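Trainee: Numbering (the working numbering), first residue to last: 16 to 322. We put the beta carbon where it would ideally sit given N, CA and C, even for glycine. Computed from a predicted structure; not experimentally measured.
1. Mark residue 181 as exposed unless 16 or more other C-beta atoms lie within 10 angstroms of its C-beta, in which case mark it buried.
2. Assuming residue 26 and residue 94 make a contact with CB atoms under 8 Å, what is their CB distance in whole Å?
3. Along the chain, where does the alpha helix (DSSP H) that runs through residue 332 open and close?
4. State the beta-bridge partners of residue 217 as determined by DSSP.
5. Going by DSSP in three states, residue 55 sits in which element: helix, strand or coil?
6. In whole angstroms, give me the CA-to-CA distance for residue 173 and residue 155.
7. Among all the DSSP beta bridges, which residues are the ones paired with residue 283?
8. Could you check how far apart the C-beta atoms of residue 244 and residue 298 are, in whole angstroms? I think they sit under 8 Å.
9. Considering only C-alpha positions, which residue in the set 90, 211, 247 and 111 is nearest to residue 269?
10. Are residue 141 and residue 118 closer than 7 Å when you measure CB to CB?
11. In this structure, does DSSP put residue 113 in helix, strand or coil?
12. Can you give the Cα-Cα distance for residue 91 and residue 206, rounded to whole angstroms?
13. By a C-beta neighbour count over all protein chains shown, 10 Å radius and 16 as the cutoff for buried, is residue 214 buried or exposed?
14. Going by the CB atoms, is the gap between residue 171 and residue 151 shorter than 7 Å?
15. What I want to know is whether the C-beta of residue 181 ends up closer than 6 Å to one or more non-hydrogen atoms of the ligand MG.
16. What is the C-beta distance between residue 57 and residue 221, in whole angstroms, given that I count them as a contact (C-beta under 8 Å)?
17. Measuring CA to CA, which of 129, 105, 19 and 128 is closest to residue 146?
18. Classify residue 28 as helix, strand or coil using the three-state DSSP reduction.
19. May I have the straight-line CA-CA distance separating residue 239 from residue 128, to the nearest angstrom?
20. Under the assumption that residue 201 contacts residue 48 (Cβ atoms under 8 Å), give the Cβ distance between them as a whole number of angstroms.
21. Leaving aside the five residues before and after residue 70 along the sequence, list all residues of the same chain whose C-beta is less than 8 Å from its C-beta, in chain order.
22. Take residue 132 as the anchor and find which of 120, 121 and 160 has the nearest alpha-carbon.
23. Return the CA-CA distance between residue 322 and residue 278, expressed in angstroms with no decimal places.
24. Scan the segment 286-311 and note each continuous beta strand (DSSP E) run of 3 residues or more that stays entirely inside, going in chain order.
25. Could you give the uninterrupted runs of the alpha helix (DSSP H) lying entirely in the segment 140-227, keeping only those of 4 residues or more?
26. Based on the DSSP output, what are the partners of residue 244 in its beta bridges?
27. When DSSP labels each residue in this structure, what does residue 257 get in the three-state scheme?
28. Just the C-alpha distance for residue 300 and residue 282, rounded to the nearest angstrom, thanks.
29. Can you look up residue 19 in the DSSP assignment and give me helix, strand or coil?
30. Could you give the first and the last residue of the continuous alpha helix (DSSP H) run that contains residue 89?
31. For residue 44, write down the residues that DSSP places opposite it in a beta bridge.
32. Under the DSSP definition of a beta bridge, which residues are partnered with residue 33?
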């Protein structure tokens with residue numbers, strides 16, 4: 016039986032007529048990086064606030080590290096580190112002093128400050144005023160705060176929000192290091208799907224408050240058809256020809272078409288049909304769907320069902 020770091024049971028939260036979390040039942044295995052994905056307003060931040068006890072659920076319950084959050088809230092939250100949106104920092108204090116404030120409030124070990132600074136590679140800037148930090152440095156300091164109590168579980172809400180590509184890469188490397196070397200369970204929400212794809216082993220997709228999928232990334236990919244990407248000189252004619260032959264065109268742009276397909280025989284048949292129609296083919300590839308492809312398909316299907 017898989018040991019779970021987070022388990023929720025029909026977790027529900029409403030704001031007036033809007034159901035932000037609709038019977039959400041998460042299962043986050045220990046020692047994994049769990050990517051929690053959804054469009055803006057899908058219910059990601061509401062769910063995270065429920066996991067941290069910052070909001071009360073209208074129904075359902077939360078178990079963290081095998082214990083009921085409502086009954087054991089304070090001792091459990093000492094074992095959880097969290098970075099929710101932009102970290103709250105004192106710009107007139109140094110990085111080290113900001114960490115000291117958090118350490119005193121939580122009653123942590125003073126030696127953890129040096130450890131946390133080392134993990135996020137801020138030792139050289141620890142005695143500079145935070146007001147002079149870049150956004151990436153502030154995010155790393157927020158992560159250091161989350162790590163102060165040497166948690167068993169790390170909950171991160173959009174940790175790369177606002178970062179430039181270099182800052183995103185730094186944060187990604189840090190998260191992967193914490194998971195691989197320290198064995199932390201990391202629950203990560205993000206809208207940067209390509210980044211999550213490089214970090215997460217488990218995925219949860221939420222939209223309009225409902226959990227659409229959770230499981231291993233490979234299992235998610237296996238549920239989705241592969242597709243053929245074709246570049247041609249006459250895209251409109253090619254689209255019409257292929258649709259008349261029974262293929263579904265997922266999307267098209269410029270001279271490129273994306274076609275639902277399952278195996279290599281589809282590739283050869285598509286190629287033959289286009290050539291028969293006098294269409295020049297410049298590129299023809301059978302591709303595995305990316306996480307972004309899967310995400311867009313699932314969330315668009317949900318919107319269609321709700322109309």
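Mentor: On the basis of the data shown:
1. Here residue 181 is exposed. Its C-beta has fewer than 16 other C-beta atoms within 10 Å.
2. Actually they do not touch by this definition, with Cβ atoms about 20 Å apart.
3. Shown here, the chain extends from 16 to 322; a query on residue 332 therefore has no answer.
4. BP columns for residue 217 point to 49 and 231.
5. The answer is coil: DSSP assigns residue 55 none of H, G, I, E or B.
6. Taken atom to atom, the span from the alpha-carbon of residue 173 to that of residue 155 is near 13 Å.
7. Listed as beta-bridge partners of residue 283 by DSSP are no residues whatsoever.
8. With a Cβ gap of about 7 Å, residue 244 and residue 298 count as contacting.
9. The closest CA to that of residue 269, considering only 90, 211, 247 and 111, is found on 247.
10. Taking the C-beta atoms as reference points, residue 118 is found no nearer than 7 Å to residue 141.
11. Residue 113 falls in the helix class under three-state DSSP.
12. Taking the straight line joining both Cα atoms gives about 28 Å.
13. Buried: at least 16 other Cβ atoms inside 10 Å.
14. With contacts defined by Cβ atoms closer than 7 Å, residue 151 and residue 171 do not form a contacting pair.
15. Annotation note on the ligand MG: not contained in the displayed structure, which lists no ligands.
16. 5 Å between Cβ atoms; contact.
17. Selected option, being the one with the closest Cα: 105.
18. It is a strand residue.
19. Using only the alpha carbons, I get a separation of about 45 Å.
20. With 8 Å as the limit, residue 201 and residue 48 qualify as a contact, their Cβ atoms being about 5 Å apart.
21. Same-chain partners within the cutoff: 28, 61 and 64.
22. Per the Cα distances, 160.
23. Model confidence at residue 322 stands at a pLDDT of 49, short of 50, so the residue's coordinates are unreliable; what they give is reported in the following sentence. Roughly 33 Å separates the two Cα atoms.
24. For the segment 286-311, the full-length beta strand (DSSP E) segments reaching 3 residues or more read 296-302 along the chain.
25. Whole alpha helix (DSSP H) segments, 4+ residues: 150-162, 180-196 and 208-214.
26. For residue 244, the pairing in a beta bridge is given by DSSP as 273 and 300.
27. Residue 257 falls in the helix class under three-state DSSP.
28. Going from the Cα of residue 300 to the Cα of residue 282 covers about 8 Å.
29. Taken through DSSP and simplified to helix, strand or coil, residue 19 comes out as strand.
30. Segment 88-92, the alpha helix (DSSP H) holding residue 89.
31. Residue 44 is bridged to 19.
32. Its beta-bridge partners are 30.
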